[in-house]
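J.:
In structure tokens:
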């Protein structure tokens, strides 16, 4: 893969921030419309509550994501410990009581 120069990374980061801002704005507008249509709120009340709902949803998703990442890391550590334990048990089977390797056969 080609290396990216600094300007390309800067442009991609700026584009990602701009698109993220547009996405958050559209989500907030959608929540406002949903509150007006289904919640029976007026435009002012819906516009006041929409950012709070959006942040609550985003924080919940971030928490669930971090919890999943933590579970994945713990699973990796558990699997690595299990592999080490199996290797230690296999090595212990080939040793005698004095710590020397047994002869095959």
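In the working numbering, the protein residues as written are 17 to 121. Ideal placement from N, C-alpha and C gives every residue a C-beta, glycine not left out.
1. What did DSSP end up calling residue 20 once you bin it into helix, strand or coil?
2. Identify the continuous alpha helix (DSSP H) that holds residue 55 and give its terminal residues.
3. Answer yes or no: do residue 131 and residue 48 have a C-beta to C-beta separation smaller than 7 angstroms?
4. Counting C-beta neighbours from all protein chains within 10 Å, is the total for residue 45 16 or more, i.e. buried, or is it exposed?
5. Report the CB separation of residue 62 from residue 51 in whole angstroms; it is logged as a contact under 8 angstroms.
6. Report yes if the CB atom of residue 43 is closer than 7 angstroms to the CB atom of residue 26, and no otherwise.
7. What is the rounded straight-line gap between the Cα of residue 24 and the Cα of residue 74?
8. Under a three-way DSSP split, which group does residue 110 fall into?
T.: Let me lay it out:
1. Look at residue 20 here: in three-state DSSP terms it is coil, with no helix or strand label.
2. Counted as a single uninterrupted DSSP element, the stretch harbouring residue 55 is not any alpha helix (DSSP H), since DSSP gives it neither H nor E.
3. The question about residue 131 has no answer, for the chain in this structure spans 17 to 121.
4. Exposed, because fewer than 16 other Cβ atoms sit within 10 Å of the Cβ of residue 45.
5. The pair is a contact, with the Cβ atoms about 4 angstroms apart (cut-off 8 angstroms).
6. No, the Cβ-Cβ distance between residue 43 and residue 26 is not below 7 angstroms.
7. Spanning the two alpha carbons is a distance of roughly 29 angstroms.
8. Residue 110 carries a coil assignment under DSSP once its states are collapsed to helix, strand and coil.
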